[in-house]
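Enquirer: Numbering follows the working numbering, with no gaps: position 270 of the sequence shown is 270. Note that CB positions come from ideal geometry on N, CA and C, so glycine has one too.
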Amino acid sequence: MALVEKNGYDDAAFRVSEAQAGDYLALLKPRVMSLVVFTAFVGLVSAQAPVNPFIAVVSILAIAVGAGASGALNMWYDADIDAVMSRTANRPVPSGRVLPGEALVFGLILSAFSVMMLGLVANWLAASLLAFTIFFYAVVYTMWLKRWTPQNIVIGGAAGAFPPMIGWAAVTGHIGLESVIQFLIIFLWTPPHFWALALFKSGDYGRAGIPMMPNVAGEASTKRQIFAYAVLVAAVGVLPSVLGQASVSFGVFAAALGAGFVWYSWKVLRMPEEDRVMRPAKALFGYSLLYLFAIFAALLLDAVAARAGIAVW
Numbered sequence: 001m002a003l004v005e006k007n008g009y010d011d012a013a014f015r016v017s018e019a020q021a022g023d024y025l026a027l028l029k030p031r032v033m034s035l036v037v038f039t040a041f042v043g044l045v046s047a048q049a050p051v052n053p054f055i056a057v058v059s060i061l062a063i064a065v066g067a068g069a070s071g072a073l074n075m076w077y078d079a080d081i082d083a084v085m086s087r088t089a090n091r092p093v094p095s096g097r098v099l100p101g102e103a104l105v106f107g108l109i110l111s112a113f114s115v116m117m118l119g120l121v122a123n124w125l126a127a128s129l130l131a132f133t134i135f136f137y138a139v140v141y142t143m144w145l146k147r148w149t150p151q152n153i154v155i156g157g158a159a160g161a162f163p164p165m166i167g168w169a170a171v172t173g174h175i176g177l178e179s180v181i182q183f184l185i186i187f188l189w190t191p192p193h194f195w196a197l198a199l200f201k202s203g204d205y206g207r208a209g210i211p212m213m214p215n216v217a218g219e220a221s222t223k224r225q226i227f228a229y230a231v232l233v234a235a236v237g238v239l240p241s242v243l244g245q246a247s248v249s250f251g252v253f254a255a256a257l258g259a260g261f262v263w264y265s266w267k268v269l270r271m272p273e274e275d276r277v278m279r280p281a282k283a284l285f286g287y288s289l290l291y292l293f294a295i296f297a298a299l300l301l302d303a304v305a306a307r308a309g310i311a312v313w
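1. Below 8 angstroms on the Cβ atoms is my guess for Ala-72 versus Gly-107; work out the distance and round it to an integer in Å.
2. Compute the beta-carbon to beta-carbon distance between Gly-66 and Ser-111, rounded to the nearest angstrom, for a pair I have assumed lies under 8 angstroms.
3. Quick check on DSSP: helix, strand or coil for Glu-274?
4. Between the alpha carbons of Val-140 and Gly-156, how many angstroms are there, rounded?
5. Flag this pair as yes or no: are the beta carbons of Val-216 and Pro-280 separated by less than 8 angstroms?
6. Expressed to the nearest angstrom, what Euclidean distance is found between the alpha-carbon atoms of His-193 and Ile-81?
7. What is the DSSP secondary structure of Asn-152, reduced to helix, strand or coil?
8. Run through DSSP, which three-state label would Asp-82 get?
9. Put Gln-20 into one of helix, strand or coil per three-state DSSP.
10. Pull up the distance between the alpha-carbon of Phe-227 and that of Trp-195, whole angstroms please.
11. Below 8 angstroms between beta carbons: does that hold for Ile-186 and Ala-161?
12. Beta-carbon separation of Leu-44 and Ser-34 under 8 angstroms?
13. What did DSSP end up calling Ile-310 once you bin it into helix, strand or coil?
14. Measure the CB-CB distance between Gly-237 and Gly-260 and report whether it falls below 8 angstroms.
15. Does the Cβ of Glu-274 have 16 or more other Cβ atoms within 10 Å, making it buried, or fewer, making it exposed?
16. Taking 8 angstroms as the threshold (C-beta atoms), are Pro-240 and Phe-253 in contact?
17. Span of the alpha helix (DSSP H) holding Val-242?
18. Which ranges would you report for the alpha helix (DSSP H) in the region 118-168 if only whole runs of at least 4 residues count?
19. Can you tell me whether Phe-136 is buried or exposed? The criterion is at least 16 other CB atoms within 10 Å of its CB, across all chains shown.
20. Check whether the Cβ atoms of Pro-214 and Thr-222 lie closer than 8 angstroms to each other.
21. From Gln-48 to Ala-230, what does the alpha carbon distance come to, in whole angstroms?
22. If you follow the alpha helix (DSSP H) that Leu-188 is in, where does it begin and where does it stop?
23. Pick from Leu-232, Thr-142, Leu-104 and Tyr-291: whose alpha carbon is nearest that of Ala-256?
24. I'd like the list of long-range same chain contacts for Val-51, defined as Cβ closer than 6 angstroms, with 5 residues on each side in sequence excluded.
Spelled out as structure tokens, the structure:
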């Protein structure tokens, strides 16, 4: 797109956009989108409701587009702080490949399209949840919480936790307890996941002026809170089995995954403050990604078996 636009970060210059198709794809945060799509799909399948395949496919597509829209709006607003952080400096907007206005318009168009598509094809409860999720991530989290409070990840984590509820609502027209528990798993998982990252990227966050927990409360307090949240995640992770929503086999698997989460968090808690390499924090960050994928994969397999009438112990 060869548009001429005033550069929002250099008032003295006008320039031509150098954006390629890959840059617009990067604006969608495809890695985050893939997790959103997966958890939304698990919510949809675990609802155990009859659904037209066309409605299911379009619903997941709409949720994916909505997630991408949130990412584009986040990158538009956060371009100033992304530019000074090593892990984000090469993103399309701070690197100059996509102009700020382009990212904003792209995100707004995708937001409207995704919500309308989900409402027209599935139902307006699911569409309303998607609209609220986009608003919560782009406005409440990105524009307010992220730069204002060290609880940014705790509260803002709700945005990433809504997809299973949206998937569930898309095929049922209501919000079920099972989808609420899936929401809680992601919601409680988010702080230890991101605080582990913040421990070994605290310099980046400090330069950007973002009040992440290690920069505000210190490493010791952050490590204690990581451990506390890990215990909560492990407990909530087995609830589907305890409440009869999933098999005993799932409960055993979830308990083992949760024990691993607690173990890695314990190693972070015991990590010396003078440890600049922070291997335990990096290990926890990696394990947390495995945990979330594995527990939702297990929920999916359990739901598929139930749909197929296969008895699972």
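Expert: Looking at the atomic coordinates:
1. 3 angstroms
2. 7 angstroms
3. Here Glu-274 carries a coil assignment [DSSP, helix/strand/coil].
4. 7 angstroms
5. no
6. 21 angstroms
7. Three-state result, Asn-152: helix.
8. helix
9. Reduced to three states, the DSSP call for Gln-20 is coil.
10. Spanning the two alpha carbons is a distance of roughly 11 angstroms.
11. yes
12. no
13. coil
14. no
15. exposed
16. no
17. 239-242
18. 124-135 and 152-161
19. Within 10 angstroms of the beta-carbon of Phe-136 lie 16 or more other beta-carbons, which makes it buried.
20. yes
21. Rounded to the nearest whole angstrom, the CA to CA distance from Gln-48 to Ala-230 is 29 angstroms.
22. Per DSSP, Leu-188 belongs to the alpha helix (DSSP H) from 177-200.
23. Selected option, being the one with the closest Cα: Tyr-291.
24. Val-171
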